[in-house]
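Quick note, the sequences are listed as chains A and B, same order.
Read in order, the letters of the first sequence are residues 1 to 664 in our numbering.
Read in order, the letters of the second sequence are residues 665 to 832 in our numbering.
Virtual Cβ for every residue (Gly too), placed ideally from N, Cα, C.
Single-structure report; data block below.
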Amino acid sequence: MTARIPTVCPYCAVGCGFYITRNGMEYMQDHPVNEGALCPKGNAALDVLNHVDRLRYPMMRIGDDWIRVSWSEALDRVAEEMQRALREKGPGALAFLGSAKCTNEENYIFQKIARLMGTNSIDNSARRCHSPTIIALRRMLGTPAMTNPVSDLALSDCIFIIGSNLAENHPVVARWILRAKDRGAAVIVADPRVTPTAWLADLHLQLNPGTDIALINGMINVILNEGLENSSFIKERTSGFEGLDLSDYTPERVSSITGLRAGDIVRAARLYAKAGASSIVYCMGITQHSCGTENVTACANLALVCGHVGRPGAGILPLRGQNNVQGACDMGALADFYPGWRSVDDSRAIDELRRLWNARALPLGRGLTADMMPEADLRFLYVMGEDIVNSHPAVSRRRERLKRGFMVVQDIFMTDTARIADLVLPAAAWAEKEGTFTSTERRVQWVSRAREAPGEARPDLWILSEVAARLGFDLSPEPEEVLAEINQAVPAYRGISRSNAGARGGIIWPCPHPDHPGTPVLHTERFSTPDGRARISPVHHPALERTSPQHPLILITGRVVLHYNAGSMSMRSEGLVKREPEIRIDVHPEDAARFGVADGDAVMIETRWGRARARAKLTPRQKRGTLFMPFHFPETNLVASEIIDEKSMMPELKVAACRIWRAD
Amino acid sequence: MKEILVRPERCVGCRSCEIACAVEHSQSRDLLKALSEMPQRRLYVEHVPEYSLAVPMLCRHCEDAPCVAVCPTGALTQDALTGVVRHNRDICIGCWTCASVCTYGVIGRDRRARVAIKCDRCPDREVPACVSACPTRALIYGEVEEVSRARRAAPALKFAQGVAASSR
Numbered sequence: 001m002t003a004r005i006p007t008v009c010p011y012c013a014v015g016c017g018f019y020i021t022r023n024g025m026e027y028m029q030d031h032p033v034n035e036g037a038l039c040p041k042g043n044a045a046l047d048v049l050n051h052v053d054r055l056r057y058p059m060m061r062i063g064d065d066w067i068r069v070s071w072s073e074a075l076d077r078v079a080e081e082m083q084r085a086l087r088e089k090g091p092g093a094l095a096f097l098g099s100a101k102c103t104n105e106e107n108y109i110f111q112k113i114a115r116l117m118g119t120n121s122i123d124n125s126a127r128r129c130h131s132p133t134i135i136a137l138r139r140m141l142g143t144p145a146m147t148n149p150v151s152d153l154a155l156s157d158c159i160f161i162i163g164s165n166l167a168e169n170h171p172v173v174a175r176w177i178l179r180a181k182d183r184g185a186a187v188i189v190a191d192p193r194v195t196p197t198a199w200l201a202d203l204h205l206q207l208n209p210g211t212d213i214a215l216i217n218g219m220i221n222v223i224l225n226e227g228l229e230n231s232s233f234i235k236e237r238t239s240g241f242e243g244l245d246l247s248d249y250t251p252e253r254v255s256s257i258t259g260l261r262a263g264d265i266v267r268a269a270r271l272y273a274k275a276g277a278s279s280i281v282y283c284m285g286i287t288q289h290s291c292g293t294e295n296v297t298a299c300a301n302l303a304l305v306c307g308h309v310g311r312p313g314a315g316i317l318p319l320r321g322q323n324n325v326q327g328a329c330d331m332g333a334l335a336d337f338y339p340g341w342r343s344v345d346d347s348r349a350i351d352e353l354r355r356l357w358n359a360r361a362l363p364l365g366r367g368l369t370a371d372m373m374p375e376a377d378l379r380f381l382y383v384m385g386e387d388i389v390n391s392h393p394a395v396s397r398r399r400e401r402l403k404r405g406f407m408v409v410q411d412i413f414m415t416d417t418a419r420i421a422d423l424v425l426p427a428a429a430w431a432e433k434e435g436t437f438t439s440t441e442r443r444v445q446w447v448s449r450a451r452e453a454p455g456e457a458r459p460d461l462w463i464l465s466e467v468a469a470r471l472g473f474d475l476s477p478e479p480e481e482v483l484a485e486i487n488q489a490v491p492a493y494r495g496i497s498r499s500n501a502g503a504r505g506g507i508i509w510p511c512p513h514p515d516h517p518g519t520p521v522l523h524t525e526r527f528s529t530p531d532g533r534a535r536i537s538p539v540h541h542p543a544l545e546r547t548s549p550q551h552p553l554i555l556i557t558g559r560v561v562l563h564y565n566a567g568s569m570s571m572r573s574e575g576l577v578k579r580e581p582e583i584r585i586d587v588h589p590e591d592a593a594r595f596g597v598a599d600g601d602a603v604m605i606e607t608r609w610g611r612a613r614a615r616a617k618l619t620p621r622q623k624r625g626t627l628f629m630p631f632h633f634p635e636t637n638l639v640a641s642e643i644i645d646e647k648s649m650m651p652e653l654k655v656a657a658c659r660i661w662r663a664d
Numbered sequence: 665m666k667e668i669l670v671r672p673e674r675c676v677g678c679r680s681c682e683i684a685c686a687v688e689h690s691q692s693r694d695l696l697k698a699l700s701e702m703p704q705r706r707l708y709v710e711h712v713p714e715y716s717l718a719v720p721m722l723c724r725h726c727e728d729a730p731c732v733a734v735c736p737t738g739a740l741t742q743d744a745l746t747g748v749v750r751h752n753r754d755i756c757i758g759c760w761t762c763a764s765v766c767t768y769g770v771i772g773r774d775r776r777a778r779v780a781i782k783c784d785r786c787p788d789r790e791v792p793a794c795v796s797a798c799p800t801r802a803l804i805y806g807e808v809e810e811v812s813r814a815r816r817a818a819p820a821l822k823f824a825q826g827v828a829a830s831s832r
């Protein structure tokens, strides 16, 4: 019998468990989320460990060459350069990028270093997945997170999926939706494309891109007109309902905006409102818009009007993208929040941390978000486990501007971001270190060390602790000790320990004391807003980026099942790359005929942001008038939009007007 | 007798089963060591876009299997008890008569040696790897009677819902 060590998948945020054995992996049948099953990326997860491309030694740039340096030399240099930048230009010249792939303990210490150095310019990749969720759900419900666990979907009578292709991006979630369907639940999918998620739908609403608010307001209008709202819930548990006048969102008008049949809008509204327990599942199709915050607000309005929150099977479920993106945000690796969701503008809340950290003063006010970093006069940039060059279009186009000063990248691979750095530090991967990860459903799970890190690669926490020591801060390299400090800093994590997070399936926050069983369903009695009530707040359909004669089509971006985000992991997995080797652009056959493109052609695509090359794939799954490019390949960054949602600083990555032609 | 059965209406085409199959049939059972080995899948997820469906296609281990009947060397044999059709690569001559007669097109070719490659229903596992890996339980491993009974439940429920609605 070989020793098998339980672990949590390093890819998406579903938090699936499996075992790592001496020779490979084994399925974990009794894990509460995945019951043993894994998606293709999960099955290929071990590919990233011991990969030939793993970074093995600290490396310093000399001109265009890299030389191997010792850890002590590398760490001294990080501290020196950070202090030099601080001395010469002040804290505004420093910036830090945390990682939604690193543990809670690592992100906590990373943002603590940034703030002790005097800056709130600390961000993580949540900026590009759910920053609108953070802003909208925190204001409306009090807690910016999924209200119910994934397995709760099996208890829903109606599941409304909008802007999520979970069948490809979170395949294990489909397992629970199918269980609900087995019980007779209705599934509604709103998506411009016929995705594999739409295959699960009883009603597929193939709406025009970017018309989500119109659809949802139209549904609420039907619900109010037909008296299907939950009046007692509205009265007892919400405020702001009286301001909700959506009477001009008639089915006919919404039909003309969304391109849907009026009858389907009415049917969706009735299915959602009349069901005993309904859930809304959404993802980046909602958030990655210039009206992302309003889109999330509209979703929450719908749920609140019908009282479909705070019960088993009834909730709002934003599906998060990375294995620890929820945790990185809970830990305050954000330019606008300190640990425990303390706003950077709330001096009283921050003062609690100042005392905990024995700091003289802590910075107030929002720091630089990732997209702002190329435009800022930075002298020192520290990137931990993020390929910002391939994941932010704005950075991708202006990568040379990131490099005005000294740049450190700490990663497991030589990413395109690492390539432009001055110093590269080799980090241990998830299964080579210890600590906690928080999944999309707030499930905190302790991961143990199952493998040795290659070469001289070290856990991120060890690296940070060594850097901190050189800066004069005494920060522990021991995950358990850091978790104990997190207990003090983040109220929802107060009772979380290695023992309850290390049990099978971990524990779901809030967990206020060590004996607490965790809180799978939020808002059962009261909302976590100051007065305990949820805020209903009307939002309206915005002016959209319209197509023009020059750019007559709409480009949609998203993901495919076999790849993951910027691809630093999945592109190194032979089993995955073999099945999805190159960038393709999905084109409806009628559009293809109109623009003289045939299946398999090399094509050029142009938006007002740039041009890129791809291979055309003709498919009737694509909505007429739209194109689709997966964002795992650098080409997509060349054409993605840079319009920003000012409330959340989310770029409008989902839609851009474009044209296509055959590249000859 | 347990069989691998397919519920294509639940398949989302993620190809997890293909990867799990390849890992299981790699020498090392470990993709990280199997990089040079290039493990091969023995089942195939076929996308049928015009019907918005994906169908995992895998050996049905047919009774009186045509591939076994035509195999000239006895490389393909059928277990009398379990019905599992096994392939012995050592005596396979790569004549492809089996592939020519297979109704389901699930006999592949080994990338290196000129021999056939097919589902062996994971002899070392209690549950075949593809079934364990499937996120949506589109692949199930069970007795046909059990599976059919479960299959009847869904239309029966719809039927009952219809009756209830019409009597309301």
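Looking only at its own chain, which residues have a Cβ that is under 6 Å from the Cβ of A:S290, when we skip the five neighbours before and after it? Non-local C-beta neighbours of A:S290 in its own chain, meaning closer than 6 Å and more than five positions away in sequence, comprise I643, D645, E652, ordered along the chain.
Would A:G327 and A:T436 qualify as a contact pair, given that the criterion is a beta-carbon distance under 9 Å? At the C-beta level, A:G327 and A:T436 come within 9 Å of one another.
Are the C-beta of B:P819 and some C-beta of chain A separated by less than 9 Å? Judged by the 9 Å Cβ criterion, B:P819 is not in contact with chain A.
Determine the chain B residues that contact A:G321 at a beta-carbon separation under 7 Å, and present them in chain order. Chain B residues near A:G321: none, gap ~17 Å exceeds 7 Å.
For a cutoff of 9 Å on Cβ pairs, would you count A:P691 as touching chain B? Any property of residue 691 of chain A remains undetermined from this structure, which presents chain A solely from 1 to 664.
Neighbour flag for B:V827 against chain A, beta carbons, 9 Å: For B:V827, the answer is no, since every Cβ of chain A falls outside 9 Å of its Cβ.
I need the straight-line Cα distance from A:S528 to B:I804, nearest angstrom please. C-alpha separation (whole angstroms): 42 Å.
Give me the Cβ distance between A:F628 and A:I556, rounded to the nearest whole Å; I'm assuming they're in contact under 8 Å. A:I556 and A:F628 do touch by the CB rule: their CB atoms are close to 5 Å apart, below 8 Å.
Does DSSP put A:D248 in a helix, in a strand, or in coil? Look at A:D248 here: in three-state DSSP terms it is coil, with no helix or strand label.
Sub-9 Å separation of A:V69 and A:M60 beta-carbons: It is a contact, given that the beta carbons lie within the stated cut-off.
DSSP three-state label for B:K697, please. Low confidence applies to B:K697: its pLDDT is 47, below 50, so where it sits in the model is not reliable enough to give any reading.
Please state if the CB of B:I668 and the CB of B:L745 are separated by a distance shorter than 9 Å. Going by C-beta atoms, B:L745 is not nearer than 9 Å to B:I668.
Quick one: any contact between the stretch 107 to 126 of chain A and the stretch 258 to 278 of chain A, if contact means 3 or more CB pairs under 8 Å? No, because fewer than three Cβ pairs between the stretch 107 to 126 of chain A and the stretch 258 to 278 of chain A fall closer than 8 Å, the two stretches do not touch.
Whole-angstrom distance between A:A174 and A:C306, CA atom to CA atom: Using only the alpha carbons, I get a separation of about 24 Å.
Assuming A:W446 and A:G495 are in contact, meaning their beta carbons sit under 8 Å apart, how far apart are those beta carbons, in whole angstroms? Their Cβ separation, rounded to whole angstroms, is 14 Å, which puts A:W446 and A:G495 out of contact at 8 Å.
State the CB to CB distance for the pair A:A93 and A:G405, rounded to an integer number of angstroms; the pair is presumed to be in contact (CB under 8 Å). Right, their Cβ atoms sit about 7 Å apart.
Among A:A145, A:M28, A:D123, A:Y11, the one whose alpha carbon lies nearest that of A:R443: Measuring from the Cα of A:R443, the nearest candidate turns out to be A:A145.
Does DSSP put A:Y27 in a helix, in a strand, or in coil? A:Y27: strand per DSSP, three-state reduction.
Under 8 Å between beta-carbons, which chain A residues line up against B:R679? List them in chain order, please. In chain order: P40, V561, L562, R579.
Examine chain A for any beta-carbon lying closer than 9 Å to the beta-carbon of B:E667, and answer yes or no. Chain A contact via Cβ: absent.
Which stretch, first to last residue, makes up the alpha helix (DSSP H) that contains A:I388? For A:I388, the uninterrupted alpha helix (DSSP H) run begins and ends at 388 to 391, by DSSP.
Less than 9 Å separating the beta-carbons of A:S279 and A:G240? No, the pair does not count as a contact, with Cβ atoms beyond the cut-off.
Would A:D411 count as contacting chain B if we go by Cβ distances under 9 Å? Chain B, which has no Cβ nearer than 9 Å to the Cβ of A:D411, makes this no.
For A:I420 versus A:T147, is the C-beta distance shorter than 9 Å? Against a cut-off of 9 Å, the Cβ pair of A:T147 and A:I420 comes out as no contact.
By how many angstroms is the C-alpha of A:Y493 removed from the C-alpha of A:V347? Note on residue identity: the sequence assigns Ser, not Val, to residue 347 of chain A. Per the coordinates, the alpha-carbon of A:S347 lies some 21 Å from the alpha-carbon of A:Y493.
Assess, as a yes-or-no matter, whether the stretch 118 to 126 of chain A is touched by the stretch 507 to 514 of chain A under the definition of 3 or more beta carbon pairs within less than 8 Å. With the cut-off at 8 Å, the stretch 507 to 514 of chain A and the stretch 118 to 126 of chain A do not touch.
According to DSSP, is A:F633 part of a helix, a strand, or is it coil? Shown here, A:F633 sits in coil according to DSSP, grouped into three states, outside any helix or strand.
Contact criterion: CB-CB distance below 9 Å. Does B:V811 meet it with respect to chain A? Not closer than 9 Å to any Cβ of chain A, the Cβ of B:V811 fails to qualify, so no.
Beta-carbon contacts of B:V734 that lie in its chain and below 8 Å, excluding the five residues immediately before and after: Taken in chain order, the residues that qualify are T761, C762, S764, V765.
In terms of residue numbering, what span does the alpha helix (DSSP H) encompassing A:L317 cover? Unbroken run through A:L317 is the beta strand (DSSP E), 315 to 318; no alpha helix (DSSP H).
Give the C-beta separation of A:L205 and A:L215 to the nearest angstrom, bearing in mind that I take them to be a contact with Cβ-Cβ under 8 Å. Right, their Cβ atoms sit about 7 Å apart.
Output yes if chain A places a C-beta closer than 9 Å to the C-beta of B:L717; else output no. True, the Cβ-Cβ gap to chain A drops below 9 Å.
With a cut-off of 9 Å, does the C-beta of A:V587 fall near any C-beta of chain B? Using beta-carbon distances, A:V587 does not count as an interface residue toward chain B, since no partner is under 9 Å.
CA nearest to the CA of A:A359, picked from A:R311, A:L475, A:V424: Considering only A:R311, A:L475, A:V424, the residue with the shortest C-alpha distance to A:A359 is A:L475.
Just checking, does the stretch 270 to 288 of chain A make contact with the stretch 514 to 522 of chain A on the three C-beta pairs under 8 Å criterion? Flag = no, the stretch 270 to 288 of chain A and the stretch 514 to 522 of chain A do not touch.
Could you check if B:L695 is buried or exposed, using at least 16 other CB atoms within 10 Å of its CB as the buried criterion? Because the pLDDT of B:L695 is 48, which lies under 50, any placement of that residue in the model is unreliable, and the number read from its coordinates should be weighed accordingly. Looking at its Cβ environment, which holds 16 or more other Cβ atoms inside 10 Å, B:L695 is buried.
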